[in-house]
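In my numbering, the protein residues as written are 4 to 273.
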């Protein structure tokens, strides 16, 4: 039995082999020899064994040197790809029909209840994550009330839209779940707007929404504080495009929830 990774890898290698074969058909004849002479690199084109009859390639003929170097590289890549593809096919012929992770799925529901799988299934992993409890964030007495489709309170209409999006897509999330970050050498507790579970890759992502970037706060500029926050996240190894997802809005440019959905889907690969 072939796993999804094996199928994808074989497909990638087969495509690469076809590409390199086509490239080699169009490559120039001969091969390249590179020599160091008096501290300078010199390129020579040879049509035979490289012992004699080489043609020196000056800067005006550097494109020929590049083409011959690429040809040599493509030959090695083609050889490696063909060997790897052969190895994957051989492995597939001996690969068991059921992997270690899949043994649990072959059991009856009644038997599944009696055993502990070596690796939790996606459903078990998600359930364990969703069962974690935590103290919610504090709201001012006069703060506006926004309730999500899941029945929780959030701080803004935009956060309500984001929460409802995650809920609609069946993406596990926690609102303002406390995490620990280091700020100026000191550990601090922060609450990203949303902590999202990437079930397939068994990791957590964070979504921070920065609203009204053109507003002013009592202690300074909202935009400046937002970018300072992003900088601290990066100092803690949390990068946009990695485990961080950012969304923004201004008074003139409200939240584009479709844009947020595209970013979330891209981050989760869904």
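C-beta: ideal position from N, C-alpha, C; glycine also.
The structure presented is a predicted model; accordingly, all values stated were derived computationally and were not measured.
Taken in chain order, the unbroken stretches of alpha helix (DSSP H) that lie wholly in the stretch 124-164 and span 4 residues or more are 125-133.
Inter-residue distance for residue 46 and residue 13 is about 36 angstroms (C-alpha atoms, whole angstroms). Across the structure, residue 165 and residue 188 are spaced so that their CA atoms are roughly 32 angstroms apart. Here the C-alpha atom of residue 136 lies approximately 16 angstroms from the C-alpha atom of residue 196.
Classified as buried, residue 263 has 16 or more neighbouring CB atoms from the shown chains inside 10 Å of its CB. By the Cβ-count criterion, residue 10 is exposed, with fewer than 16 other Cβ atoms from all chains shown falling within 10 Å of its own Cβ. A Cβ-Cβ separation of about 13 angstroms leaves residue 59 out of contact with residue 33 under the 8 angstroms criterion. Inter-segment contact for the stretch 74-87 and the stretch 15-25 is present: three or more beta-carbon pairs are separated by less than 8 angstroms. The DSSP assignment places complete beta strand (DSSP E) segments of no fewer than 3 residues inside the stretch 30-60 at 34-40, 43-49 and 58-60, in order along the chain. Listed in chain order, the non-local C-beta contacts of residue 169 below 6 angstroms within the same chain comprise 176, local neighbours out to five positions each way being set aside. Boundaries of the alpha helix (DSSP H) around residue 260: 260-271.
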